[in-house]
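Taken in order, these protein sequences are the chains called S and D. Going by the numbering used here, the first residue of the first sequence is number 1, and it counts up by one from there. Going by the numbering used here, the first residue of the second sequence is number 191, and it counts up by one from there. Quick reminder that beta carbons are idealized off the backbone N, C-alpha and C, glycines included.
2 protein chains.
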Amino acid sequence: MPKLGMEPIRREALVTAAIAEIGAAGSLDVTVSAISKRAGMSSALAHHYFGNKDQIFLAAMRHILAGFAVEVRSRLHVATTPRARLKALVEASFAQSCFDPEVISAWLNFYVKAHTSPDAMRLLRVYQSRLRSNLIHALRPIAPKPDELADAIAALIDGLYIRAALGAPISNDPAATILAFTAPHLEEQP
Amino acid sequence: MPKLGMEPIRREALVTAAIAEIGAAGSLDVTVSAISKRAGMSSALAHHYFGNKDQIFLAAMRHILAGFAVEVRSRLHVATTPRARLKALVEASFAQSCFDPEVISAWLNFYVKAHTSPDAMRLLRVYQSRLRSNLIHALRPIAPKPDELADAIAALIDGLYIRAALGAPISNDPAATILAFTAPHLEEQP
DNA sequence: TTTTATTGATTGACGAGTCAATAAAAAACC
DNA sequence: GGTTTTTTATTGACTCGTCAATCAATAAAA
Numbered sequence: 001m002p003k004l005g006m007e008p009i010r011r012e013a014l015v016t017a018a019i020a021e022i023g024a025a026g027s028l029d030v031t032v033s034a035i036s037k038r039a040g041m042s043s044a045l046a047h048h049y050f051g052n053k054d055q056i057f058l059a060a061m062r063h064i065l066a067g068f069a070v071e072v073r074s075r076l077h078v079a080t081t082p083r084a085r086l087k088a089l090v091e092a093s094f095a096q097s098c099f100d101p102e103v104i105s106a107w108l109n110f111y112v113k114a115h116t117s118p119d120a121m122r123l124l125r126v127y128q129s130r131l132r133s134n135l136i137h138a139l140r141p142i143a144p145k146p147d148e149l150a151d152a153i154a155a156l157i158d159g160l161y162i163r164a165a166l167g168a169p170i171s172n173d174p175a176a177t178i179l180a181f182t183a184p185h186l187e188e189q190p
Numbered sequence: 191m192p193k194l195g196m197e198p199i200r201r202e203a204l205v206t207a208a209i210a211e212i213g214a215a216g217s218l219d220v221t222v223s224a225i226s227k228r229a230g231m232s233s234a235l236a237h238h239y240f241g242n243k244d245q246i247f248l249a250a251m252r253h254i255l256a257g258f259a260v261e262v263r264s265r266l267h268v269a270t271t272p273r274a275r276l277k278a279l280v281e282a283s284f285a286q287s288c289f290d291p292e293v294i295s296a297w298l299n300f301y302v303k304a305h306t307s308p309d310a311m312r313l314l315r316v317y318q319s320r321l322r323s324n325l326i327h328a329l330r331p332i333a334p335k336p337d338e339l340a341d342a343i344a345a346l347i348d349g350l351y352i353r354a355a356l357g358a359p360i361s362n363d364p365a366a367t368i369l370a371f372t373a374p375h376l377e378e379q380p
């Protein structure tokens, strides 16, 4: 009973299922069968639409990155001052949605994958440079060295995220920590 | 022709080989056979001495962590002032040895592993708390809030390391960046 | 009848862990 | 001192799974 136009529906279901499976397993050691089963179809169909397992992972990561981009844009949208934009960027990086166990697993494994897969690396670069340019844009009016500061903040975001993701005893709100440590590097007038 | 006392020799050879294989593969998708072959023995012998693959990985990571600890201690040993100790700790984290491709792969995968394996997590905690206490010790005499600053620096180290490891366009010397970023949070008298 | 959707069954590989068998040190025994 | 026994070292062969990817077959829209 083939209804037409199933492709986008199946793809989305597979992507969602893949994220869930990765989250459940905590690693990329997840079978296409498990993903397909969770998505309610045969593994053959998954191969039919995605070609191979790597493509499923890539699509899953693109999905997560897209979600993050939405999070960022919505916060950036209501920020009017440079300082508010900075705050929005940092807080978006520690939003609730970034700490779904599934998302955490995906990110962790994404780093590893990027180390060997050019496709994954390209995707990572997209995230990195988008964050970087957003940060620089926010910092330019208020920091003497926007570039360098942006790099430091980006690193701080990644570092704190990983620590939080790995369940380190989270002393304080990471976003607040970052803003506090950034403050002295900004120009006057809070 | 069994020479006695082979166990420690075999174990070390396996650990070394495992690190090399992980480096070559860029992931933990490495077979015991490959490791054993590189170490010059049968896979059966590897199982005989380590029991299972996970134990080999754990031992490999312990080996790397031990190497790092040596790096830290030797630098700390010649540092006399608190500021010098801070510098030593930061610089040790970006020493040449930390950027061996093998070491990079091991670290990346270690993070993922820690997310699911309690043993790996324990090991990670050892590294984290050692670094933390070293930092706090260095900072106590020169920072108003040693704990919070230590956490931020630790995160900055992890974040910059990962970025460097993943080949991000390394603008500057990461250690210098961290020290510059930290400076405003220290008490007077440079 | 052509295109799209769908799957069960199968292939082909690979890989962790086990086991029995071999060999040579070392220790125990006479 | 020589013989037997135990312990340590070592491996080839094998078991038992798993799993990615393929394919031929079925079904229903267009």
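Check                                                                                                                                                               : Outcome
So, helix, strand or coil for T182(S), using DSSP?                                                                                                                  : helix
Take P174(S) and list the residues in its own chain whose beta-carbon comes closer than 7 Å to its own, dropping the five residues that flank it on each side.      : F94, L160 and A164
Using only alpha-carbon positions, find the residue among T80(S), R132(S), S33(S) and Q96(S) that is nearest to P146(S).                                            : R132(S)
Note down the Cα distance separating L179(S) from P169(S), rounded to an integer number of angstroms.                                                               : 19 Å
If we cut at 9 Å on Cβ distances, does S42(S) have a partner in chain D?                                                                                            : no
By alpha-carbon positions, which one of I246(D), V268(D), P272(D) and P198(D) ends up nearest to I326(D)?                                                           : P272(D)
Between which residues of its own chain and L58(S) is the CB-CB distance below 6 Å, once the five residues before and five after are set aside?                     : D119
Whose Cβ in chain S lies nearer than 9 Å to the Cβ of A342(D)?                                                                                                      : L156, G159, L160, T177, I178, A180 and F181
Could you tell me whether any Cβ in chain S is nearer than 9 Å to the Cβ of E338(D)?                                                                                : yes
Output needed for Y317(D): all residues of its chain with C-beta closer than 6 Å, excluding positions within five of it in sequence on either side, in chain order. : L255
For a test of the three-state rule: what should DSSP assign to G40(S), helix, strand or coil?                                                                       : coil
Starting from R130(S), follow the alpha helix (DSSP H) in both directions and report where the run begins and ends.                                                 : P118 to L139
Just by C-beta distance, which residues in the region 301–313 of chain D are closer than 7 Å to chain S?                                                            : Y301, V302, A304, H305 and T306
Is it true that the CB of A106(S) sits closer than 9 Å to the CB of G60(S)?                                                                                         : Looking at the sequence provided, one finds Ala at residue 60(S) rather than Gly. Taking 9 Å as the Cβ cut-off, A60(S) and A106(S) qualify as a contacting pair.
In chain order, which continuous runs of the alpha helix (DSSP H) of length 4 or greater are located wholly inside the region 221–302 of chain D?                   : 222–229, 233–240, 243–267 and 272–283
Would P184(S) count as contacting chain D if we go by Cβ distances under 9 Å?                                                                                       : yes
Any contact of the region 227–247 of chain D with the region 40–55 of chain S, i.e. 3+ C-beta pairs under 8 Å?                                                      : no
Rounded to a whole number of angstroms, what is the C-alpha to C-alpha distance between A344(D) and T372(D)?                                                        : 11 Å
Let's test the definition: count the other Cβ atoms within 10 Å of the Cβ of F99(S) and tell me whether it reaches 16, buried, or not, exposed.                     : exposed
Is I326(D) close to chain S, meaning its C-beta is less than 9 Å from at least one C-beta of that chain?                                                            : no
Measuring alpha carbon to alpha carbon, tell me which residue in I332(D), A333(D) and A215(D) is nearest N299(D).                                                   : A215(D)
Go to A211(D), then tell me how far its alpha helix (DSSP H) extends in each direction, as first and last residue.                                                  : With the sequence shown as reference, residue 211(D) is identified as Glu, and Ala is not the correct amino acid for it. It spans E197 to A215 - the alpha helix (DSSP H) in which E211(D) sits, taken as one unbroken run.
Can the beta-carbon of L186(S) be found less than 9 Å from the beta-carbon of A152(S)?                                                                              : no
Starting from A164(S), follow the alpha helix (DSSP H) in both directions and report where the run begins and ends.                                                 : P146 to A165
Kindly indicate which three-state DSSP category A176(S) falls into: helix, strand or coil?                                                                          : helix
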